[in-house]
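*Asks:*
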Amino acid sequence: METDTNLTTPLDVTLSAPTSASALVWARQGQCGRGREMPVVSLTCRLIGCQRPVAAPTTEFRAAPAAQQHIRLADGSFMSQTLPADGHERDASPAGVLPAPRTPSPRDAPGLRWGVIAPGGIAASFTQALHTHTQQRVVAVGSRDARRARVFADRFGIAASYGSYAELLDDSRVDIVYVASPHSAHFAHAMQAIQAGRHVLVEKAFTRNAREAELLIEAARQRGVFLMEAMWTRFLPHIDVVRQVLASGMLGEVQTVVADHGQFMVPDAAHRLYAPELAGGALLDLGVYPVSFASMVLGPFTSITAVGTKAFTGVDGQASIVVTNEAGAHGVLTTTLFARTPTTASVSGTLARLEIEGEFYAPATVRLVSRERELLDTFVPAQRDGGLCYEAAEAARCVAAGRLESELMPLAETLRIMRALDEIRSGLGVAFPGE
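Heads up: the sequence shown begins at 69 in the working numbering, then just goes up one per residue.
1) Which whole-angstrom value describes the C-beta separation of Gly349 and Val383, a residue pair presumed to lie in contact below a C-beta threshold of 8 Å?
2) DSSP state of Gln97, grouped into three classes?
3) Glu297: buried (16+ other C-beta within 10 angstroms of its C-beta) or exposed?
4) Does the separation of the CB atoms of Arg181 and Val242 fall below 8 Å?
5) Go ahead and label Ser416 buried or exposed: buried means 16 or more other beta carbons lie within 10 angstroms of its beta carbon, across all protein chains shown.
6) Which of helix, strand or coil does DSSP assign to Ala461?
7) Could you tell me if Val375 is buried or exposed, where buried requires 16 or more neighbouring beta carbons within 10 angstroms of its beta carbon?
8) Looking at C-alpha atoms only, which residue of Phe303, Phe274, Arg311 and Gly265 is the closest neighbour of Val293?
9) Report the three-state DSSP secondary structure of Gly265 (helix, strand or coil).
10) If you run the structure through DSSP and keep just helix, strand and coil, what is Phe447?
11) Measuring straight from C-alpha to C-alpha, what distance separates Glu473 and Cys466?
12) Evaluate Gly399 with the Cβ neighbour count: other Cβ atoms within 10 Å of its Cβ, from every protein chain shown; 16 or more gives buried, anything less gives exposed.
13) CA-CA distance, Glu282 and Ala288?
14) Quick check: what's the CA-CA separation for Ala197 versus Asp353?
15) I need the DSSP call for Leu419, collapsed to helix, strand or coil.
16) Which residue marks the beginning of the beta strand (DSSP E) containing Ala208, and which one marks its end?
17) Nearest by alpha-carbon distance to Arg408: which of Gln386, Asn393, Ile424 and Leu422 is it?
18) Am I right that Thr402 and Gly330 are in contact with their C-beta atoms under 8 Å? What's the rounded C-beta distance?
19) Quick check: the Cα distance between Pro172 and Tyr458, rounded to an integer number of angstroms?
20) Among all the DSSP beta bridges, which residues are the ones paired with Tyr230?
21) To the nearest angstrom, how far is it from the Cα of Gly470 to the Cα of Val334?
22) What is the rounded straight-line gap between the Cα of Ala192 and the Cα of Val247?
23) Would you call Gln204 buried or exposed, if buried means 16 or more other Cβ atoms sit within 10 Å of its Cβ?
24) Using only alpha-carbon positions, find the residue among Asp239, Val245, Pro167 and Ala168 that is nearest to Pro187.
25) Output needed for Glu425: all residues of its chain with C-beta closer than 7 Å, excluding positions within five of it in sequence on either side, in chain order.
26) So is Ser240 buried or exposed if we call it buried at 16+ other beta carbons inside 10 Å?
27) Could you tell me the alpha carbon to alpha carbon distance between Phe224 and Thr195, rounded to whole angstroms?
28) Counting along the chain, where does the beta strand (DSSP E) carrying Thr402 start and finish?
29) What distance in whole Å lies between the Cβ atoms of Ser232 and Arg216, which are believed to be in contact at a cut-off of 8 Å?
30) Using three-state DSSP, classify Tyr246 as helix, strand or coil.
31) Quick one: using the 10 Å Cβ neighbour count with 16 as the cut-off for buried, is Thr370 buried or exposed?
32) Apart from the five residues just before and just after Ala499, which ones in its own chain have a Cβ nearer than 6 Å to its Cβ?
33) Report the three-state DSSP secondary structure of Thr126 (helix, strand or coil).
34) Could you tell me the boundaries of the alpha helix (DSSP H) in which Ser173 lies?
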């Protein structure tokens with residue numbers, strides 16, 4: 069929308085937003101120069117096809133001092149734009165209005181045929197989500213225990229079960245493999261699948277350490293197969309809302325990221341999270357979520373500081389981590405096996421902040437809060453269950469398009485995160501057998 073008016077008369081504007089709840093509003097400043105007072109005018113907006121209701125249709129414009137122009141909405145929230153040196157306007161996103169997610173429906177993703185390595189709890193959740201919310205199917209499952217594989221196959225209506233991973237990888241019906249084994253086995257199982265020419269989705273944390281991650285990435289590229297870390301949070305609709313808000317500058321300059329993930333795990337030496345030989349501990353299983361979230365928001369870390377407490381088996385039981393980026397923003401991250409924490413996250417900028425309710429890493433509500441602590445808008449996910457279907461859908465879209473990695477969870481970032489986890493573990497004095 070553009071107008072030649074000098075903004076002294078009411079305007080009636082029709083905005084088209086067929087696929088987004090966020091409409092872009094901007095106006096020609098006309099003869100009102102930067103830094104001068106502008107008469108208040110009435111702007112009536114009609115949103116066409118917008119999925120989000122607008123609190124009130126009347127908006128007032130007023131020029132602000134210096135290079136910042138603010139648009140006060142009738143509900144008290146603001147839309148802001150910074151004017152360049154010549155005094156002309158730029159496009160502005162409506163501050164106080166969260167965008168709608170652009171995440172495609174998982175049901176529309178191509179129907180890949182999956183093989184599952186290691187039929188444990190996370191594999192069950194993945195298979196249930198896949199079969200419920202997508203066109204894709206698990207067609208084969210492999211385990212070192214043939215009976216366990218058969219029970220899993222019967223539970224989910226899977227055609228084939230195998231007592232070895234080699235047999236699963238020989239099944240020509242398998243397009244892509246989901247590696248759901250303990251962290252200690254991710255490298256070996258993913259490498260076996262890559263060498264068999266299969267596309268691979270590897271549970272997070274990707275590997276035990278960065279060196280193993282480097283080798284997997286190199287092998288996948290040489291073999292020409294798709295490879296991705298199953299950091300399912302990255303593909304959820306509410307995280308796409310976060311990405312859009314960050315890109316829009318709605319928060320101002322990001323200063324602080326806070327995220328935690330703690331679960332109370334009964335001390336048991338036989339449990340995988342307390343087992344050093346299985347690369348247990350809080351960090352690789354739980355802490356990877358806040359670390360990955362901070363990486364997404366802040367970009368590469370320029371410094372990492374960590375303190376922690378070991379569990380009785382020698383794995384990391386609890387860690388508190390501070391990271392910084394090149395701009396000087398901080399990430400304050402915690403993880404523990406010793407307590408159930410809020411599992412929330414927030415991103416705070418100079419103008420506003422985002423609050424993500426617990427569990428932030430699963431489909432979650434997002435709130436936009438002003439610097440004055442006013443709630444400006446709330447995003448509520450339409451689907452709460454089966455969130456693992458979104459990572460499977462992303463993998464299917466990438467494979468169908470001939471891409472070897474995902475833009476939403478690129479391999480270079482997975483490698484950076486693994487290096488950060490290595491540095492944190494080193495600071496905590498934790499190493500795994502065989503490293």
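The beta carbon of each residue, even a glycine, is placed where N, CA and C say it ideally should be. What you are looking at is a predicted structure, and each value in this text was computed from that prediction instead of being measured.
*Replies:* Once the coordinates are examined:
1) As a first step, residue 349 is located in the sequence shown; it is residue number 281 there, counting from the start. As a first step, residue 383 is located in the sequence shown; it is residue number 315 there, counting from the start. So it is a contact: roughly 4 Å between Cβ atoms.
2) The residue labelled residue 97 in the question sits at position 29 within the sequence shown. A caution first: Gln97 carries a pLDDT of 28, below 50, which makes its placement in the model too unreliable to give a value.
3) Numbered from 1 along the sequence shown, position 229 holds the residue referred to as residue 297. For Glu297, the number of other beta carbons within 10 angstroms of its own is at least 16, and it is reported as buried.
4) Translated into positions along the sequence shown, residue 181 becomes position 113. Translated into positions along the sequence shown, residue 242 becomes position 174. Contact flag set, yes.
5) Here residue 416 is taken as the residue at index 348 of the sequence shown, counted from 1. Its Cβ being crowded by 16 or more others within 10 Å, Ser416 is buried.
6) Along the sequence shown, read from residue 1 onward, the residue named residue 461 stands at position 393. Three-state result, Ala461: helix.
7) Locating residue 375 in the sequence shown gives position 307, counting from the first residue. Looking at its Cβ environment, which holds fewer than 16 other Cβ atoms inside 10 Å, Val375 is exposed.
8) Locating residue 293 in the sequence shown gives position 225, counting from the first residue. Looking at the Cα atoms, Gly265 is the closest of the given residues.
9) Here the question's residue 265 lines up with position 197 in the sequence shown. The answer is coil: DSSP assigns Gly265 none of H, G, I, E or B.
10) Here residue 447 corresponds to residue number 379 of the sequence shown, with the count starting at 1. Phe447 falls in the strand class under three-state DSSP.
11) As a working mapping, residue 473 is identified with position 405 in the sequence shown. As a working mapping, residue 466 is identified with position 398 in the sequence shown. Cα to Cα, the separation comes out at about 7 Å.
12) Position 331 of the sequence shown, counted from the start, is the residue given in the question as residue 399. Burial call: buried.
13) Counting from one through the sequence shown, the residue named residue 282 turns up at place 214. Counting from one through the sequence shown, the residue named residue 288 turns up at place 220. Distance between the alpha carbons of Glu282 and Ala288: 10 Å.
14) Numbered from its first residue, the sequence shown carries residue 197 at position 129. Numbered from its first residue, the sequence shown carries residue 353 at position 285. When rounded, the distance between both Cα atoms is 20 Å.
15) Walking along the sequence shown from the start, residue 419 turns up at place 351. In the structure shown, Leu419 sits in coil (DSSP, three-state: anything other than H, G, I, E or B).
16) Mapped onto the sequence shown, residue 208 falls at position 140. Arg205 to Gly210 is the span of the beta strand (DSSP E), which, as asked, contains Ala208.
17) What you label residue 408 is simply residue 340 of the sequence shown in a count that begins at 1. It is Gln386 whose Cα lies nearest to the Cα of Arg408.
18) In the sequence shown, residue 402 corresponds to position 334, counting from 1. In the sequence shown, residue 330 corresponds to position 262, counting from 1. Indeed they touch by this definition, with Cβ atoms about 7 Å apart.
19) The sequence position of residue 172 within the sequence shown is 104, counting from 1. The sequence position of residue 458 within the sequence shown is 390, counting from 1. Distance between the alpha carbons of Pro172 and Tyr458: 9 Å.
20) Here residue 230 refers to the residue found at position 162 of the sequence shown. Its beta-bridge partners are Gly210.
21) If you number the sequence shown from 1, residue 470 lands on position 402. If you number the sequence shown from 1, residue 334 lands on position 266. Each residue's Cα considered, the two are about 44 Å apart.
22) Taking the first residue of the sequence shown as 1, we reach residue 192 at position 124. Taking the first residue of the sequence shown as 1, we reach residue 247 at position 179. Cα to Cα, the separation comes out at about 12 Å.
23) Looking up residue 204 in the sequence shown gives position 136. Answer is buried; the Cβ neighbour count reaches 16.
24) Along the sequence shown, read from residue 1 onward, the residue named residue 187 stands at position 119. Closest by alpha carbon: Val245.
25) In the sequence shown, residue 425 corresponds to position 357, counting from 1. So the qualifying residues of the chain are Thr412, Ala432 and Thr433.
26) In the sequence shown, counting from the first residue as 1, residue 240 sits at position 172. Classification for Ser240: exposed.
27) Working through the sequence shown from its first residue, we reach residue 224 at position 156. Working through the sequence shown from its first residue, we reach residue 195 at position 127. In a straight line, the C-alpha of Phe224 is about 7 Å away from that of Thr195.
28) One-based indexing of the sequence shown puts residue 402 at position 334. Looking at the DSSP string, the run of the beta strand (DSSP E) that includes Thr402 is His398 to Thr404.
29) By 1-based counting over the sequence shown, the position of residue 216 is 148. By 1-based counting over the sequence shown, the position of residue 232 is 164. About 12 Å separates the two Cβ atoms, so there is no contact after all.
30) Indexing the sequence shown from 1 puts residue 246 at position 178. In this structure, Tyr246 counts as strand in the three-state DSSP scheme.
31) The count along the sequence shown starts at 1 and reaches residue 370 at position 302. Label assigned to Thr370: exposed.
32) Within the sequence shown, residue 499 is the residue found at index 431, counting from 1. Contacts found: none.
33) Translated into the one-based positions of the sequence shown, residue 126 becomes position 58. Summary for Thr126: the model assigns pLDDT 31, below 50, so the residue's position carries little reliability; its value from the coordinates is reported in the next sentence. Strand, per DSSP.
34) Residue numbering aside, residue 173 sits at position 105 when the sequence shown is read from its first letter. Careful: Ser173 lies outside any alpha helix (DSSP H) and carries neither H nor E.
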